[in-house]
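> Residue numbers (the working numbering), protein chains in the order written: chain D, 380 to 515; chain W, 380 to 515; chain U, 380 to 515; chain F, 380 to 515.
For every residue, glycine included, the Cβ atom is placed at its ideal position computed from N, Cα and C.
There are 4 protein chains.
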Amino acid sequence: MEYRFKIRFGDTDAAGIVYYPNFYRWMDEATHEFFQSLGYPTDQLMSKKLATPLVEANCVFKSPGLFNREIVLTTKVEMIREKVFKLIHHFKDGETVLAEGYEVRAWVSLESGKPKAQPIPEDVKKKMEQYLIGGN
Amino acid sequence: MEYRFKIRFGDTDAAGIVYYPNFYRWMDEATHEFFQSLGYPTDQLMSKKLATPLVEANCVFKSPGLFNREIVLTTKVEMIREKVFKLIHHFKDGETVLAEGYEVRAWVSLESGKPKAQPIPEDVKKKMEQYLIGGN
Amino acid sequence: MEYRFKIRFGDTDAAGIVYYPNFYRWMDEATHEFFQSLGYPTDQLMSKKLATPLVEANCVFKSPGLFNREIVLTTKVEMIREKVFKLIHHFKDGETVLAEGYEVRAWVSLESGKPKAQPIPEDVKKKMEQYLIGGN
Amino acid sequence: MEYRFKIRFGDTDAAGIVYYPNFYRWMDEATHEFFQSLGYPTDQLMSKKLATPLVEANCVFKSPGLFNREIVLTTKVEMIREKVFKLIHHFKDGETVLAEGYEVRAWVSLESGKPKAQPIPEDVKKKMEQYLIGGN
């Protein structure tokens with residue numbers, strides 16, 4: 380899936396380039412867009428007390444992000460286990476790769492008040508598998 | 380009340396100075412500190428379904444905020460009505476005034492699911508009045 | 380001018396609604412889009428050592444902003460003086476008015492190292508006047 | 380080195396816990412504090428056209444961060460090479476480990492306009508080695 384956004388002035392810092400934690404914000408935004416595109420908008424998941432909190436997030440920075448550039452963030456699925464999954468996110472400004480990141484997230488229920496990992500429902504899994512790279 | 384903080388690298392933008400919406404973030408932080416200092420930490424208010432959402436916020440910018448500077452933010456009460464109050468916030472970097480802002484907030488209950496303005500409890504009012512400038 | 384954006388998960392806070400300083404971030408984004416739409420992208424202004432720093436910003440909050448909603452932010456010009464101008468920004472979620480804000484900004488040169496207010500160039504003024512409400 | 384901070388309301392999201400990209404913001408803040416404590420405040424490095432941009436950043440999330448909690452972030456050095464170094468950052472809320480992260484950063488000069496990796500000066504290296512875990 381592709382998520383397009385523009386680097387905003389507030390995303391930069393005094394070094395004149397993107398302040399790095401914003402890359403994680405954009406990965407999070409892409410993940411929400413990803414589930415929306417699969418037919419599971421995260422606001423609807425939340426109203427059913429379902430969430431996908433982070434287990435781990437990583438980003439490798441290749442080239443600085445510049446103000447006012449239009450970025451294409453491509454999200455794919457690298458792994459789906461019973462209760463966790465891994466998304467990879469590639470940032471490109473035209474032909475230039477800005478960054479490559481990943482997020483490992485759990486599928487959790489908040490029913491009981493505190494997060495409890497749950498098996499990812501079969502229908503969600505099936506939709507996610509369309510974006511799976513290589514084997515599982 | 381005084382709230383002290385340092386301007387962080389992520390608070391700056393490509394112009395090399397503080398990205399302006401952060402001043403409102405700091406006013407919000409000072410307001411939480413203010414209620415904590417009065418004996419009403421806002422996490423405890425929240426657990427009782429009480430909140431102080433914004434009605435209006437304003438800031439006048441006098442001098443740019445610079446990275447790594449220690450700022451003193453002084454908060455006073457300008458007005459207390461039945462269900463709303465107004466805090467003023469002054470930002471100083473040493474002797475330099477950076478900004479002067481205010482927040483008008485309502486005292487609301489979230490009991491019913493959606494925010495409903497409530498009379499500010501007498502004990503809270505009394506504590507707030509210690510920080511009142513001039514008359515009411 | 381209209382600037383459309385979606386409320387992101389990271390824009391919300393533990394009260395379940397938009398964390399208020401984000402409204403100023405969106406006003407800033409709209410201002411950059413506004414100058415871009417006039418033919419003066421702010422990254423090009425910056426490369427000419429021109430900027431439009433804030434003198435004052437205000438926002439009145441009418442209704443809470445909710446996660447995943449598409450917002451229309453309409454920007455108009457309320458005042459143009461020799462060296463300063465005022466933009467007003469209205470936020471709508473469908474028919475619901477979320478907030479009404481304004482920014483007063485100066486036209487400054489950074490040529491000398493520190494910001495110095497300059498007369499707004501006639502060509503810029505003329506373009507801005509297209510968005511002027513009522514008289515000047 | 381220890382960096383202490385409080386989780387602010389604006390750091391939370393609609394799930395009621397810390398919005399995860401903030402953990403990277405805090406790692407960045409700790410890194411700036413770390414160089415300041417070594418005697419190399421990053422604003423002074425910047426004025427000499429020196430910076431430490433990110434090569435990679437990672438965080439593993441163990442327990443949700445909660446509003447108004449005081450957090451202790453401990454920073455150590457895991458690796459120092461000629462032009463890059465790796466810091467590890469542990470977040471604790473009392474006895475609870477919230478997260479464990481790392482940053483790999485390069486030592487760069489911005490003298491020529493664009494970042495160019497440089498050998499880390501010997502005096503800086505020596506100071507950093509005080510915080511080195513195990514061997515190099």
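Which of the three DSSP states, helix, strand or coil, is assigned to THR431 of chain W?
Three-state DSSP puts THR431 of chain W in coil, outside helix and strand.
> Only counting the same chain, and skipping five residues up and downstream in sequence, which positions put a Cβ closer than 7 Å to that of THR391 of chain U?
Correct list, in chain order: VAL397, TYR398, PHE446.
> With a threshold of 8 Å between beta-carbons, can TYR419 of chain F be considered close to chain D, or not?
Taking Cβ atoms only, chain D never reaches closer than 8 Å to TYR419 of chain F, which makes this a no.
> For GLU501 of chain F, which of helix, strand or coil comes out of DSSP?
The answer is helix: DSSP assigns GLU501 of chain F an H, G or I state.
> Give me the subset of the stretch 421–446 of chain D whose CB atoms are less than 8 Å from a CB atom of chain F, sorted by chain position.
Under the 8 Å Cβ criterion, the stretch 421–446 of chain D contributes MET425, ALA430, PRO432, LEU433, VAL434, GLU435, ALA436, ASN437, CYS438, VAL439, PHE440, PRO443.
> State the CB to CB distance for the pair MET406 of chain F and HIS469 of chain F, rounded to an integer number of angstroms; the pair is presumed to be in contact (CB under 8 Å).
No, MET406 of chain F and HIS469 of chain F are not in contact; Cβ-Cβ is about 10 Å, not under 8 Å.
> Taking ILE512 of chain W and VAL456 of chain W to be in contact with their CB atoms under 8 Å, please state how far apart those CB atoms are, rounded to whole angstroms.
Indeed, because the Cβ distance is near 7 Å, the residues count as touching under 8 Å.
> Three-state secondary structure (DSSP) at PHE384 of chain F?
Looking at PHE384 of chain F - three-state DSSP - the assignment turns out to be strand.
> Distance check for ARG383 of chain F and ASN515 of chain D, CA to CA, integer angstroms please.
With a pLDDT of 42 at ASN515 of chain D, under the threshold of 50, the modelled position of that residue is not reliable, and the figure given next carries that caveat. Cα-Cα distance, rounded: 42 Å.
> State the beta-bridge partners of GLY480 of chain D as determined by DSSP.
The partner list for GLY480 of chain D (beta bridge, DSSP) reads D:CYS438, D:HIS468.
> Going by beta carbon distance, what residues of the same chain come within less than 7 Å of ASN437 of chain D, once the five residues before and after it are set aside?
Result list for ASN437 of chain D: GLY480, TYR481, in chain order.
> Please list the residues of the stretch 392–422 of chain U that have a C-beta atom closer than 7 Å to any C-beta atom in chain F, keeping them in chain order.
If the cut-off is 7 Å between Cβ atoms, the stretch 392–422 of chain U has ASP392, ALA393, GLY395, TYR398, PRO400 near chain F.
> Tell me where the alpha helix (DSSP H) around LEU417 of chain F begins and ends.
Where LEU417 of chain F is concerned, the enclosing alpha helix (DSSP H) stretches over 400–417.
> Anyone know if the C-beta pair for VAL476 of chain W and GLU435 of chain W falls short of 8 Å?
Result no, Cβ atoms of VAL476 of chain W and GLU435 of chain W do not sit closer than 8 Å.
> Does the Cβ-Cβ distance between THR431 of chain D and TRP486 of chain D come in under 8 Å?
For THR431 of chain D and TRP486 of chain D, yes; Cβs fall inside 8 Å.
> If you check the beta carbons only, do PHE464 of chain F and MET507 of chain F fall under 8 Å apart?
Closer than 8 Å, so yes.
> Nearest chain D C-beta to ASN515 of chain F closer than 8 Å, yes or no?
A caution first: ASN515 of chain F carries a pLDDT of 42, below 50, which makes its placement in the model too unreliable to give a value.
> Below 8 Å between beta carbons: does that hold for PRO400 of chain D and GLY389 of chain W?
Taking 8 Å as the Cβ cut-off, PRO400 of chain D and GLY389 of chain W qualify as a contacting pair.
> Going by CA-CA distance only, name the one from W:GLU381, W:VAL439, W:VAL451, W:LYS427 that's closest to LEU417 of chain W.
Of W:GLU381, W:VAL439, W:VAL451, W:LYS427, the residue nearest in Cα terms is W:GLU381.
> Output the distance between the C-alpha atoms of LEU433 of chain D and LEU489 of chain D, rounded to the nearest integer angstrom.
Computed Cα separation, rounded: 14 Å.
> Any C-beta of chain U sitting closer than 8 Å to the C-beta of PHE470 of chain F?
No, PHE470 of chain F lies away from the interface with chain U (no Cβ there is under 8 Å from its Cβ).
> Have a look at MET408 of chain W and GLY395 of chain F and give me their C-alpha separation to the nearest angstrom.
First, the residue type needs correcting, since residue 408 of chain W is Glu and not Met in the sequence shown. The alpha-carbon atoms of GLU408 of chain W and GLY395 of chain F are separated by roughly 17 Å.
> Would you please state the rounded distance, in angstroms, between the beta carbons of ILE459 of chain W and LYS504 of chain W? I believe it to be under 8 Å.
That pair is a contact at about 6 Å.
> Given a threshold of 16 other Cβ atoms within 10 Å of its Cβ, counted over all protein chains shown, does GLU449 of chain D qualify as buried or as exposed?
Flag for GLU449 of chain D reads exposed.
> Under a three-way DSSP split, which group does SER426 of chain F fall into?
Note: SER426 of chain F maps to helix in three-state DSSP.
> Would GLY389 of chain U count as contacting chain F if we go by Cβ distances under 8 Å?
Answer yes: the Cβ-Cβ gap between GLY389 of chain U and chain F drops below 8 Å somewhere.
> Please confirm whether ALA393 of chain D and PHE440 of chain D have their CB atoms less than 8 Å apart.
Contact: no.
> How would you write the range of the beta strand (DSSP E) that THR453 of chain W sits in, first residue to last?
Element bounds for THR453 of chain W: 449–459.
> Pick from U:ILE386, U:GLU501, U:HIS411: whose alpha carbon is nearest that of ILE386 of chain D?
Ranking U:ILE386, U:GLU501, U:HIS411 by Cα distance to ILE386 of chain D puts U:HIS411 first.
> If I measure Cβ to Cβ from GLN415 of chain D and keep anything under 8 Å in the same chain, skipping five residues before and after, which residues do I get?
THR421.
> I'd like the list of long-range same chain contacts for GLU461 of chain D, defined as Cβ closer than 8 Å, with 5 residues on each side in sequence excluded.
Answer for GLU461 of chain D: PRO498, ILE499, listed in chain order.
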